[in-house]
Amino acid sequence: LLSRRERRLLRRLADRNRIKLYTFSDAPRLIATLRANREKPEAAEAKPEPTDTKKREVLAGVDDVPLQIPATGPATNLERALRRTVESLGGAPIAGVVVLTDGGINQGGSVDDIARYARERKLAVYPVGIGDPSEPRNVRVFDVLAPPNVFRQDPFSITARLSAKGLTGQTVPVMLRERAATGGGEGRVVDTRRVRIPPGGSPPPITFQRRQDRVGRFVYTVEVPEIEGETLLEDNRRQVTVRVIDARTRALIVASTPSWQYRFVTRLLERDETFDVSCWLQAADVNAVRDGNTIIDHLPALPEELFAYDVILLLDPDPRELDEEWCRLLDTFVTEHGGGLLYAAARAHTPALMRDRRLKPLISLLPITPDPEADLVLNEIGYYQLRPSPLLVPETAYGHPVMKMADDPPATRRIWRLLGDVYWHYPVLREKPAATVLLRHGNPRMQNAAGPHVLCAVQYVGAGRTGFLGFDGTWRWRRKDVRYFDRFWVQLTRYLAEGKLLGGSKRGMLLTEGDEYALGETVTVTARLFDRRYQPLRQERVPARVQVDHERSEFVLTPQRDQPGWYEGRFVPDRTGDYLISILVPDPTTNEAVEITREIHVRRPNIEILNPQMNRTGLTRLAQQSAGGEYLEVDQADQLAEKIPDLHEEVPIRSRPTSLWDRGWVLALLLGLLTLEWGVRKWCRLL
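Heads up, the sequence shown is in our numbering, so the first residue is 71 and it goes up one at a time.
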């Protein structure tokens, strides 16, 4: 527009006024000040005389300014551009403000805010609409969700969300591609769905079910093929990376007596190749043969012993053999090292344990608030129930990883209706605010002010997860189908252990403020690191490595003040892609090192392509609400010269300027003032 017909638009505007030419995205940038055609180049471009006290503005001719302007800004902030431009001009008169834009304001104030400011400053705004005002045909994959880490052969979901414009009533194919992160290419199509676009352009989320047999990092891409008439294709695909691991879950089971629940849970986890189980049965004789894959001869009580496990299952332990120090160690195991903890209540010892003040650190980790009148409630409802009561599954709990009894939701609901047997339970006051309730008591008598009694709940505590199972009759589910009992306990144990298994190595973890970053945005990496004794690592600096597209770079993590074991570092990504951040946790006492990794995704800011449609209505309102402006189409831009008034002023100088710097009396005045200052300082003893 500015370059066509030998820059005719700029020449006609320069017939009346000087022109300040700006580009803007999230902020304005001055390209040049063009002199009016009436100004002579020699006078306008003359160098400032030595007598000038201010730097004279350099003026350019219309033909001297390059107009190849790259569109690389991250956003469109017209309000900031207008305000900063007007403020930079001071009190200089402004004939008009010409804005070449599509009206896609996606940052800063709205059209009405900009018009209000223009009206207050008496600015006439002349928007020239650039672009197509008709609704574009476009489909966009704007979000893809998947678990960052999964176990091998475990099912997991990939959920994609779409938005579309100009495609109401049409059906579009949505493909899921899979490839190894270390390989190239687009990957193979593993699933395809057909989605109908409803009015409004927001179809329901699309969920793909996957199960991976191989170990490693895999990239899943959700893609919509090009639609006829679609011009914007960059947003038709989005990808997510999933790490598949095959680590064995180290579990410690502590129980008071060999109850039915203890026997079946122990045998189940011993047979499962993904678990490495150690058991401590408090009632066993000293010389008894212990259960488990890894035999232990004492209850682990040292940090290096306890912290080696991923999850601890307390099946109604005898509180007399537990002390406060061991419970504090449990607190550190969960909150700082990401370990999992389950407390399963039973009739023998739970009432006494909940009353024991020494074990408060353990009780405070649980996702429930104990009822101080639990013994009275038990006396009222009876310690033994002759008839079973149904289980009540909250509606929001059916989709929880612990509760999935089948691959499809309807089957899961049917199975839980079948498993409706609960006899004895330990009543609690309520769940904690951050807890997720998975099971409640279905008997109307088993309620309090907070609702039906909580039977099973989980929650995040610090870096780890904890669970509470308020009844001891899950072994009865085996009569219906042993698979239900097995699946529930495997899923519950794995879910609690995931905080440590998937959150990082046992020797530490890497944290970032998010998983996705815009290109050029600073990435802050925080690390919590431990030595081989699970004490906070003490080292002056920890090198970190960043890998993207087979290229590597390094940065350094430094210790955080007054936070032992915490390190922090920063880097700025210079390209888009999937970044793998890794550090080797050193140990000053040995030569071994453990690698800890975290992945982030860097993408170009796409705020500018979300709505490519020209906002004619908004630009028209901006012009009408400003101080005398007018909206013009591109083919009307030549009319700007006639619409913008001429504010040129000529100030005649009728006498010859007189220079003062070489006059004798000026020199005498300066010397007199300096002498006076010297005398005053001398008299006041300031010299």
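Just so you know, even glycine gets a beta-carbon here, dropped at the ideal spot from N, CA and C.
Small disclaimer: the values here were computed from a predicted structure and weren't measured.
Does the separation of the CB atoms of residue 494 and residue 542 fall below 8 Å? Residue 494 is a Cβ neighbour of residue 542, given a cutoff of 8 Å.
Note the first and the last residue of the continuous beta strand (DSSP E) segment covering residue 211. From DSSP, the beta strand (DSSP E) with residue 211 extends over 208-215.
Look at residue 563 and residue 319 and say whether their C-beta atoms are less than 8 Å apart. Their beta carbons are under 8 Å apart, which means residue 563 touches residue 319 by this criterion.
Can you give the Cα-Cα distance for residue 698 and residue 193, rounded to whole angstroms? Rounded to whole angstroms, residue 698 to residue 193 spans 8 Å at the Cα level.
Quick one: is residue 409 buried, meaning 16 or more other Cβ sit within 10 Å of its Cβ, or exposed? It is buried - the Cβ of residue 409 has at least 16 other Cβ atoms within 10 Å.
Could you check what DSSP says for residue 187 in three-state terms: helix, strand or coil? It is helical.
Am I right that residue 627 and residue 611 are in contact with their C-beta atoms under 8 Å? What's the rounded C-beta distance? That belief holds up - the Cβ atoms of residue 627 and residue 611 are roughly 7 Å apart, short of 8 Å.
Less than 7 Å between C-beta atoms, sequence neighbours within five positions excluded: which residues of the same chain meet that for residue 113? Only weak support is given to the placement of residue 113: the predicted model assigns it a pLDDT of 46, under 50, and the question is left unresolved by the model.
Pairs of beta-carbons, one from the segment 162-176 and one from the segment 687-703, closer than 8 Å: are there three or more? Enough Cβ pairs lie closer than 8 Å, so yes.
So, under 8 Å CB-CB, residue 228 and residue 214 are touching, yes? Tell me the CB distance rounded to an integer number of Å. The beta carbons of residue 228 and residue 214 sit about 7 Å from each other, so the pair counts as a contact at 8 Å.
Give a yes or no on whether the C-beta atoms belonging to residue 400 and residue 435 are separated by under 8 Å. Result yes, Cβ atoms of residue 400 and residue 435 sit closer than 8 Å.
Are there 16 or more other CB atoms within 10 angstroms of the CB of residue 593, so buried, or fewer, so exposed? Buried is the call here.
Which residues in the same chain as residue 755 place their Cβ atom closer than 6 Å to its Cβ, once the five residues preceding and following it in sequence are excluded? Here the set comprises nothing.
Identify the continuous beta strand (DSSP E) that holds residue 192 and give its terminal residues. Where residue 192 is concerned, there is no enclosing beta strand (DSSP E), given that its DSSP letter is neither H nor E.
Beta-carbon gap between residue 326 and residue 386 smaller than 8 Å: Yes. Within cutoff.
Alpha helix (DSSP H) segment containing residue 245, residue limits: Where residue 245 is concerned, there is no enclosing alpha helix (DSSP H), although the beta strand (DSSP E) it sits in stretches over 241-250.
Same chain, Cβ closer than 7 Å to residue 88, five either side skipped, listed in chain order: These residues qualify, in order along the chain: 103, 104, 105 and 106.
Along the alpha helix (DSSP H) that carries residue 561, what are the first and last residues, could you check? For residue 561, the enclosing alpha helix (DSSP H) covers residues 552-571.
Alpha carbons only, please: which of 607, 221, 603 and 589 is nearest the one belonging to residue 597? Checking every option, the nearest Cα to that of residue 597 belongs to 607.
Separation of residue 540 from residue 664, as counted between CA atoms: Near 38 Å, if we compare the C-alpha coordinates of residue 540 and residue 664.
Could you tell me the boundaries of the alpha helix (DSSP H) in which residue 479 lies? Residues 479-488.
Supposed contact pair residue 94 and residue 165 - C-beta distance, whole angstroms, cut 8 Å: Residue 94 and residue 165 do not touch by the CB rule: their CB atoms are close to 19 Å apart, not below 8 Å.
Look at the Cβ atom of residue 226, then the Cβ atom of residue 218, and state whether they are nearer than 8 Å. Contact check for residue 226 against residue 218 fails: the beta carbons are separated by 8 Å or more.
In terms of residues, what are the limits of the beta strand (DSSP E) holding residue 235? 225-235 is the span of the beta strand (DSSP E), which, as asked, contains residue 235.
Flag this pair as yes or no: are the beta carbons of residue 335 and residue 369 separated by less than 8 Å? No, Cβ-Cβ distance for residue 335 and residue 369 is not below 8 Å.
Distance between residue 498 and residue 243 (C-alpha atoms, nearest Å): Rounded to whole angstroms, residue 243 to residue 498 spans 50 Å at the Cα level.
If I measure Cβ to Cβ from residue 681 and keep anything under 6 Å in the same chain, skipping five residues before and after, which residues do I get? 174, listed in sequence order.
Cβ distance (whole Å) where residue 293 is taken to contact residue 247 below 8 Å: 6 Å between Cβ atoms; contact.
What's the call for residue 118, buried or exposed, on a 16-neighbour Cβ count within 10 Å? Because residue 118 sits at a pLDDT of 43, beneath the cut-off of 50, its placement in the model cannot be relied upon, and the point is left open.
Here's a check: name, in chain order, each residue in its chain whose Cβ is nearer than 7 Å to the Cβ of residue 635, leaving out the five neighbours to either side. Close CB contacts of residue 635 within its chain, under the 7 Å cut and outside five residues either way in sequence, are with 598, 599, 600, 606 and 607 (chain order).
Does the distance from the CB of residue 585 to the CB of residue 670 come in under 8 Å? Their beta carbons are under 8 Å apart, which means residue 585 touches residue 670 by this criterion.
6 Å Cβ shell around residue 147 - same chain, five flanking residues per side excluded: Answer for residue 147: 96, 177 and 178, listed in chain order.
Quick check on residue 357: buried or exposed, where buried means 16 or more other Cβ atoms within 10 Å of its Cβ? Under this definition residue 357 is an exposed residue.
Round the Cβ separation of residue 300 and residue 208 to the nearest angstrom and send it over; I've been treating them as touching at under 8 Å. Right, the Cβ-Cβ distance comes to about 6 Å (below 8 Å), so this counts as a contact.
Measure the Cβ-Cβ separation of residue 482 and residue 468 and say whether it is below 8 Å. Pairing residue 482 with residue 468 gives a Cβ-Cβ distance under 8 Å.
Counting pairs of Cβ atoms below 8 Å between the segment 301-315 and the segment 281-288, do you hit three or more? Per the Cβ contact rule, the segment 301-315 is in contact with the segment 281-288 (3 or more Cβ pairs under 8 Å).
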